[in-house]
Amino acid sequence: MTFKFNIFKALILWSVLTSVGHAELIQSQESALKKAYPLADRFESRELLLTSAERKAIEAKLGKRIYTVQVTVIEAMAKGKFLGRAFKSQELGKHQPMDSLVALDSAGEVIDVELLVYRETYGGQVRQENFRDQFKHRRFGDALEVGKGIDAVSGATISSKSMALGVRKALLIDDLIRHSPEFNNSRGKHG
């Protein structure tokens with residue numbers, strides 16, 4: 009009886025450790041920023057804390073609940089000129105969050121989407137460039153859902169949907185910064 013119980017506990021411990029402990033650093037935030045903005049000589053990072061009303065408005069437009077109230081915004085500058093704004097996104101995959109960086113140009117168009125950290129044990133095909141390239145040149149209001157303007161990666165449907173959600177959320181928050189005076193006054197330098 010004791011032997012069987014110890015094996016059972018060991019199996020449970022093994023399954024927990026293998027499902028939670030997997031995290032693959034794909035690239036650093038700094039390297040992703042340099043790739044997206046090769047001419048940048050300065051990056052200004054700040055954390056935006058969304059109010060309850062802002063979060064609810066974003067959720068209504070996304071049609072999906074968001075759990076983060078803090079958003080990392082990084083503005084890229086070159087010789088004092090605003091090049092664009094990047095958003096660090098953390099979206100839930102099937103079981104674990106995945107971190108990505110969504111880079112926009114000064115007009116609010118997607119120029120790059122980079123996966124930073126992937127924690128799932130499967131579905132990592134979303135790191136493939138041909139999947140991420142689907143988001144390039146997209147803007148706020150474009151169809152950016154799996155099955156509606158974005159093709160999922162076979163074997164990584166949930167991760168594909170999560171990446172698409174992160175891009176839509178970044179474009180939505182960028183649009184708020186650009187066009188909402190009450191949102192922009194205390195937060196955005198470049199509208």
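For what it's worth, the numbering used here labels the leading residue of the sequence shown as 9, then goes sequentially. From the three backbone atoms N, C-alpha and C, an ideal C-beta is built for every residue, glycine too.
The alpha-carbon separation between residue 137 and residue 108 amounts to approximately 13 angstroms. Non-local C-beta neighbours of residue 52 in its own chain, meaning closer than 6 angstroms and more than five positions away in sequence, comprise 83, ordered along the chain. From the listed residues 40, 48, 166 and 131, the smallest Cα separation to residue 87 is found for 48. Here residue 33 is exposed, its C-beta having fewer than 16 other C-beta atoms within 10 Å.
Between residue 144 and residue 118, the gap from beta carbon to beta carbon is short of 7 angstroms. Between residue 188 and residue 180, the alpha-carbon positions lie close to 11 angstroms from each other. For residue 119, no alpha helix (DSSP H) segment is defined; the enclosing uninterrupted segment is the beta strand (DSSP E) at 118-126. The bridge partners DSSP lists for residue 66 come to none. Annotated three-state conformation of residue 72 is coil, per DSSP.
Counting along the chain, residue 90 sits inside the beta strand (DSSP E) bounded by residues 89-100. Within the same chain, Cβ atoms closer than 8 angstroms to the Cβ of residue 122 are found at 34, 35, 40, 43, 44, 108, 109, 111 and 140, the five residues on either side in sequence being excluded. Fully enclosed alpha helix (DSSP H) runs of no fewer than 4 residues occupy 137-140 of the segment 102-186, in order along the chain. Counting other Cβ atoms within 10 Å of its Cβ, residue 142 reaches 16 or more and is therefore classed as buried. Residue 56 is bridged by DSSP to 79. Distances from the alpha-carbon of residue 132 to those of 186, 170, 64 and 177 put 170 closest.
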